[in-house]
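> Numbering (the working numbering), first residue to last: 255 to 810.
Ideal Cβ positions, reconstructed from N, Cα and C, are used throughout, including at glycine.
Just so we're clear, the structure is a prediction, and the values are computed from it rather than from any experiment.
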């Protein structure tokens with residue numbers, strides 16, 4: 255369009271045609287190219303850019319930086335991709351400048367999205383008359399995420415977030431970002447200089463524990479719920495992996511309204527932690543004072559083989575009690591008693607099964623391992639794990655999970671490169687978290703970003719995000735209709751991977767050494783057998799005093 259207008263404007267009474275335009279020069283500026291044309295008829299010269307330059311269109315540099323944020327890559331990956339398709343890439347300084355300008359745009363877009371989600375949730379609560387002193391109250395899901403993986407041992411992440419998601423609408427209402435590191439401040443500190451003026455995103459004590467980021471951000475969300483959305487977060491659905499709920503109770507955000515936040519444990523996390531603790535019991539080593547350690551190993555295998563059976567029994571009992579007609583607190587009390595009977599029932603002792611309403615056909619264990627488990631101390635450990643689970647019987651009855659938060663965390667993981675790249679040096683992590691919020695709430699992050707920046711949404715972007723939304727809807731519908739696994743997975747090691755994987759034959763010299771060693775051991779073993787047989791034969795033929803003398807010398 256711009257080239258056509260340029261061609262039309264240059265006509266000066268001479269019948270110039272498009273074929274008269276000749277390219278005389280070109281100048282590349284990263285992803286953009288400036289083309290210099292000259293008319294051979296009237297000698298008119300003008301330039302044309304390879305990309306639109308209008309103010310209502312997002313320039314290609316900013317668009318490329320926005321794309322890297324939403325895709326979960328950085329400048330290095332962008333540069334490599336451009337080289338693969340023979341396109342000159344922008345300079346790294348240009349990329350950093352564009353990315354830094356996008357941080358505020360992403361944060362502003364995310365804030366607008368969260369406020370719209372809060373207004374929707376508030377309206378639904380008012381329609382259902384769920385209010386306390388004319389203030390709507392809602393149920394939320396909370397969880398945290400960090401910029402790096404801990405692998406269960408290293409909790410030193412430099413950045414993390416705490417998110418609040420509406421349980422009913424499934425949209426993010428609040429996200430608190432915590433950063434312990436700033437590249438410019440750290441560089442100036444190491445050089446002993448004063449950091450130059452810059453926008454610092456560091457907002458968390460560098461010496462504080464990274465595990466505190468989640469609780470600190472979520473407590474902030476509860477304290478600001480009335481100001482930000484005009485609602486009360488009355489019920490919290492979360493896992494029991496952190497001290498979030500304890501921090502909320504300690505701060506008491508709704509003390510003036512006499513509202514105490516209630517917590518419901520995530521069923522998935524309860525069952526996962528149950529299996530994790532039972533596996534730890536199954537890996538218990540035998541006490542040094544125990545003589546028959548082979549029996550102990552067999553009992554550990556019995557425990558390990560019944561972990562999934564215990565999990566299934568918990569779910570079955572919770573389902574049975576949930577269908578009852580009793581009051582909720584009575585259901586929870588009965589379920590608690592049912593759960594306490596699970597170890598005895600699973601391991602073969604059915605004294606209380608009839609009392610707890612367990613059908614006789616479910617009590618088909620032939621062997622009773624309970625006395626043996628009690629004798630070696632394993633049953634006490636199993637019972638301790640089950641008792642802890644029984645205290646969460648009310649949460650098991652409700653059967654709710656924090657899956658919305660886990661889904662949001664998966665989007666974050668995608669936008670921060672699978673937690674493999676350190677995006678928390680300047681402001682990139684904040685922009686990526688904000689982009690995850692918009693994507694989770696609207697499923698069209700690029701469209702919402704263009705609108706927030708007052709730019710026209712390109713047809714390519716609109717078409718892409720529309721196709722993605724259709725695909726997500728179809729996958730969700732397919733999951734609801736076909737609620738079963740498509741493929742049967744055989745978990746655990748096999749002949750292709752793990753300790754039982756197939757190995758090549760040993761080298762001849764190694765095999766010969768092992769064969770000689772094995773033969774020597776067998777020879778010594780046979781000598782010892784013959785020696786003991788001879789000794790026993792002699793002992794049987796001698797007097798008692800002589801036998802005692804020989805045994806005392808042999809220290810038997």
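#1: Roughly how many angstroms lie between the CA atoms of residue 407 and residue 529, to the nearest whole one?
#2: Kindly indicate which residue of 766, 564 and 514 has the alpha-carbon position closest to the one of residue 593.
#3: Could you please give me the residues that DSSP links to residue 490 through a beta bridge?
#4: Cα separation between residue 270 and residue 296?
#5: Measure the alpha-carbon distance for residue 463 versus residue 728 and round it to whole angstroms.
#6: Which residues bound the alpha helix (DSSP H) around residue 287?
#7: In angstroms with no decimal places, state the Cα-to-Cα distance between residue 273 and residue 711.
#8: For residue 482 versus residue 389, is the C-beta distance shorter than 9 Å?
#9: Helix, strand or coil for residue 414, going by three-state DSSP, please let me know.
#10: Using 9 Å as the limit for Cβ to Cβ distance, is residue 338 near chain B?
#11: Indicate whether residue 623 and residue 426 have their beta-carbon atoms separated by less than 9 Å.
#12: To the nearest angstrom, how far is the alpha carbon of residue 484 from that of residue 376?
#13: Should the region 347-365 be called in touch with the region 312-326, which here means at least 3 C-beta pairs below 8 Å?
#14: For residue 476, write down the residues that DSSP places opposite it in a beta bridge.
#15: Taking its Cβ as the centre, do 16 or more other Cβ atoms sit within 10 Å of residue 443, making it buried, or is it exposed?
#16: Going by alpha carbons, who is nearest to residue 492 out of 514, 393 and 570?
#17: Taking 9 Å as the cut-off, decide whether the C-beta atoms of residue 467 and residue 413 are in contact.
#18: How is residue 369 classed by DSSP in three states: helix, strand or coil?
#19: Can you tell me whether DSSP reads residue 274 as helix, strand or coil?
#20: Suppose contacts are defined by Cβ-Cβ distances below 9 Å. Is residue 471 in contact with residue 422 by that definition?
#21: Does the beta-carbon of residue 714 have 16 or more other beta-carbons within 10 angstroms, so that it is buried, or is it exposed?
#22: Could you have a look at residue 577 and say whether DSSP puts it in helix, strand or coil?
#23: Within the chosen definition, does the region 360-377 reach the region 682-694 through at least 3 CB pairs nearer than 8 Å?
#24: To the nearest angstrom, report how far apart residue 547 and residue 494 are at their CA atoms.
#25: Rounded to the nearest angstrom, what separates residue 329 and residue 768 at their Cα positions?
#26: Can you list the beta strand (DSSP E) stretches of 3 or more residues lying completely in the region 281-340, in chain order?
#27: Are the region 642-653 and the region 513-529 in contact at 8 Å, needing three or more beta carbon pairs?
#28: Measure the alpha-carbon distance for residue 582 versus residue 588 and round it to whole angstroms.
#29: On the DSSP bridge list, what partners appear for residue 399?
#30: With distances taken from CA atoms, which of 289, 284 and 285 is nearest residue 278?
#31: Please identify the residue among 664, 454 and 459 whose C-alpha is closest to the C-alpha of residue 439.
#32: Look up residue 447 in the DSSP assignment and say whether it is helix, strand or coil.
#33: Reducing DSSP to helix, strand and coil, say where residue 666 ends up.
#34: Flag this pair as yes or no: are the beta carbons of residue 284 and residue 335 separated by less than 9 Å?
#35: Taking the beta carbon of residue 627 as the centre, do at least 16 other beta carbons fall within 10 Å, making it buried, or is it exposed?
#36: In angstroms with no decimal places, state the Cα-to-Cα distance between residue 551 and residue 540.
Let me spell this out:
#1: On the chain shown, residue 407 is found 153 positions in, with the first residue counted as 1. On the chain shown, residue 529 is found 275 positions in, with the first residue counted as 1. Roughly 19 Å between the two C-alpha positions.
#2: Counted from its first residue, the chain shown places residue 593 at position 339. Here the closest residue by C-alpha is 564.
#3: The sequence position of residue 490 within the chain shown is 236, counting from 1. Bridge partners of residue 490: 394 and 517.
#4: Numbered from its first residue, the chain shown carries residue 270 at position 16. Numbered from its first residue, the chain shown carries residue 296 at position 42. Their backbone Cα atoms lie some 7 Å apart in a straight line.
#5: Start at 1 with the first residue of the chain shown, and residue 463 comes out as number 209. Start at 1 with the first residue of the chain shown, and residue 728 comes out as number 474. Roughly 42 Å between the two C-alpha positions.
#6: Residue mapping note: residue 287 aligns to position 33 of the chain shown, counting from 1. Looking at the DSSP string, residue 287 is not in any alpha helix (DSSP H); the run it does join, the beta strand (DSSP E), is 286-293.
#7: Numbered from its first residue, the chain shown carries residue 273 at position 19. Numbered from its first residue, the chain shown carries residue 711 at position 457. Looking at the two C-alpha atoms, the distance is approximately 33 Å.
#8: As a first step, residue 482 must be located in the chain shown, where it is residue number 228. As a first step, residue 389 must be located in the chain shown, where it is residue number 135. It is not a contact, given that the beta carbons lie outside the stated cut-off.
#9: Your numbering for residue 414 matches position 160 in the chain shown. In this structure, residue 414 counts as strand in the three-state DSSP scheme.
#10: Absent from the structure is chain B; it holds one protein chain and no more.
#11: Along the chain shown, read from residue 1 onward, the residue named residue 623 stands at position 369. Along the chain shown, read from residue 1 onward, the residue named residue 426 stands at position 172. The answer is no: Cβ separation not under 9 Å.
#12: For the purposes of this step, residue 484 is taken as the residue at position 230 of the chain shown. For the purposes of this step, residue 376 is taken as the residue at position 122 of the chain shown. Roughly 8 Å between the two C-alpha positions.
#13: yes
#14: Translated into the one-based positions of the chain shown, residue 476 becomes position 222. For residue 476, which the question treats as bridged, DSSP gives no partner whatsoever.
#15: Numbered from its first residue, the chain shown carries residue 443 at position 189. Exposed, because fewer than 16 other Cβ atoms sit within 10 Å of the Cβ of residue 443.
#16: For this step, residue 492 is matched to residue 238 along the chain shown. The option with the nearest alpha carbon to residue 492 is 393.
#17: Taking the first residue of the chain shown as position 1, residue 467 is located at position 213. Taking the first residue of the chain shown as position 1, residue 413 is located at position 159. Contact flag set, yes.
#18: On the chain shown, position 115 is the one that residue 369 refers to. Residue 369 falls in the helix class under three-state DSSP.
#19: The residue you call residue 274 lines up with position 20 of the chain shown. Three-state result, residue 274: helix.
#20: Here residue 471 is taken as the residue at index 217 of the chain shown, counted from 1. Here residue 422 is taken as the residue at index 168 of the chain shown, counted from 1. No, the pair does not count as a contact, with Cβ atoms beyond the cut-off.
#21: As a working note, residue 714 is residue 460 in the chain shown. Exposed, since its Cβ has fewer than 16 Cβ neighbours within 10 Å.
#22: On the chain shown, position 323 is the one that residue 577 refers to. Of the three classes helix, strand and coil, the one that applies to residue 577 here is coil, per DSSP.
#23: yes
#24: As a first step, residue 547 must be located in the chain shown, where it is residue number 293. As a first step, residue 494 must be located in the chain shown, where it is residue number 240. The alpha-carbon atoms of residue 547 and residue 494 are separated by roughly 36 Å.
#25: Taking the chain shown and counting its residues from 1, the one referred to as residue 329 is at position 75. Taking the chain shown and counting its residues from 1, the one referred to as residue 768 is at position 514. Their Cα atoms are separated by approximately 55 Å.
#26: 286-293 and 299-303
#27: yes
#28: The residue you call residue 582 lines up with position 328 of the chain shown. The residue you call residue 588 lines up with position 334 of the chain shown. Spanning the two alpha carbons is a distance of roughly 10 Å.
#29: The residue you call residue 399 lines up with position 145 of the chain shown. Residue 399 pairs with 415.
#30: Taking the chain shown and counting its residues from 1, one reaches residue 278 at position 24. For residue 278, the nearest C-alpha among the options comes from 289.
#31: Indexing the chain shown from 1 puts residue 439 at position 185. Checked all of 664, 454 and 459; the closest Cα to residue 439 is 454.
#32: Counting from one through the chain shown, the residue named residue 447 turns up at place 193. In the structure shown, residue 447 sits in coil (DSSP, three-state: anything other than H, G, I, E or B).
#33: On the chain shown, residue 666 is found 412 positions in, with the first residue counted as 1. Looking at residue 666 - three-state DSSP - the assignment turns out to be helix.
#34: Residue numbering aside, residue 284 sits at position 30 when the chain shown is read from its first letter. Residue numbering aside, residue 335 sits at position 81 when the chain shown is read from its first letter. Not in contact: residue 284 and residue 335 (Cβ atoms no closer than 9 Å).
#35: Translated into positions along the chain shown, residue 627 becomes position 373. Buried is the call here.
#36: If you number the chain shown from 1, residue 551 lands on position 297. If you number the chain shown from 1, residue 540 lands on position 286. Computed Cα separation, rounded: 8 Å.
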